[in-house]
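Residue numbers (the numbering used here): 2 to 267.
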């Protein structure tokens, strides 16, 4: 049944050039950005400024942290893509036509939820391949193994992607207009929540949705500088709450999307 929904979504997306352009940009930009960053930092990690050697961020297992952190900035591309695709269902009357053809509202939601999940999986697999490739190239054969404790950042990245995508889906079904939904999406993530985080007490900032998503994959260069001997630079740690809070927000955003599709006019 789920394969049927996925095939139906793919059938609609195959002729849609915007979908493939944005998805292609996502898959191309991340490796290019990672390569450029690698080349830039390598220039400062030589004999003049030896930041790290054995524990280089490009070695296993630290590469998983750095790759997911860099890729986390580009998840918004996939979220915007999902907003456009979903809002177009309203603009072109596709939702109404699907219901006339016999699909239920639950099935309409499930089709979009599966699409969001597939995009999150594509993002996660692409980052895994990126980390594995760079780690294999840079890691001396005598050092860390392919897998390590930092492989958990791949799972955190998957949650991060699901969080952004479920938020984008929610805005698309609530607002119905792609331009307005994208604007609100960007305003909330870039301006509204950061301002809220500055106002909120420190102990409560973790409970803001995208502060929490960011906390899943903290800035890895703090670890780099700490191990290079910089004082006063705390090593970022995952407290254990972040994944559960992220899952809670994913369920909340998805639940609102389901409720909107279930109860309101299409």
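For each residue, glycine too, the CB sits at the ideal point set by N, CA and C.
query, result
"Going by beta carbon distance, what residues of the same chain come within less than 7 Å of residue 17, once the five residues before and after it are set aside?", "none"
"Label residue 165 either buried or exposed according to how many other C-beta atoms from any shown protein chain fall within 10 Å of its C-beta, with 16 as the threshold for buried.", "buried"
"Count Cβ pairs between the stretch 73-93 and the stretch 180-193 that sit closer than 8 Å; are there 3 or more?", "yes"
"Measure the alpha-carbon distance for residue 185 versus residue 172 and round it to whole angstroms.", "8 Å"
"Using 10 angstroms around the beta-carbon of residue 216, count the other beta-carbons present and answer buried if the total reaches 16, otherwise exposed.", "buried"
"What would DSSP say about residue 92, mapped onto helix, strand or coil?", "helix"
"Is the stretch 84-98 touching the stretch 241-248 in the sense that three or more CB pairs, one from each, lie closer than 8 Å?", "no"
"In whole angstroms, what separates the C-alpha of residue 157 from that of residue 89?", "30 Å"
"Please classify residue 103 as buried or exposed, where buried requires at least 16 neighbouring CB atoms within 10 angstroms.", "exposed"
"What is the C-beta distance between residue 160 and residue 117, in whole angstroms, given that I count them as a contact (C-beta under 8 Å)?", "Rounded, the Cβ-Cβ distance is 13 Å, inconsistent with contact."
"Near residue 76, what residues of its chain come up, given a Cβ to Cβ distance below 6 Å and the 5 sequence neighbours on each side ignored?", "162 and 165"
"Check whether the stretch 133-144 touches the stretch 56-68, counting contact only when three or more Cβ pairs, one atom from each stretch, lie closer than 8 Å.", "yes"
"In whole angstroms, give me the CA-to-CA distance for residue 198 and residue 101.", "45 Å"
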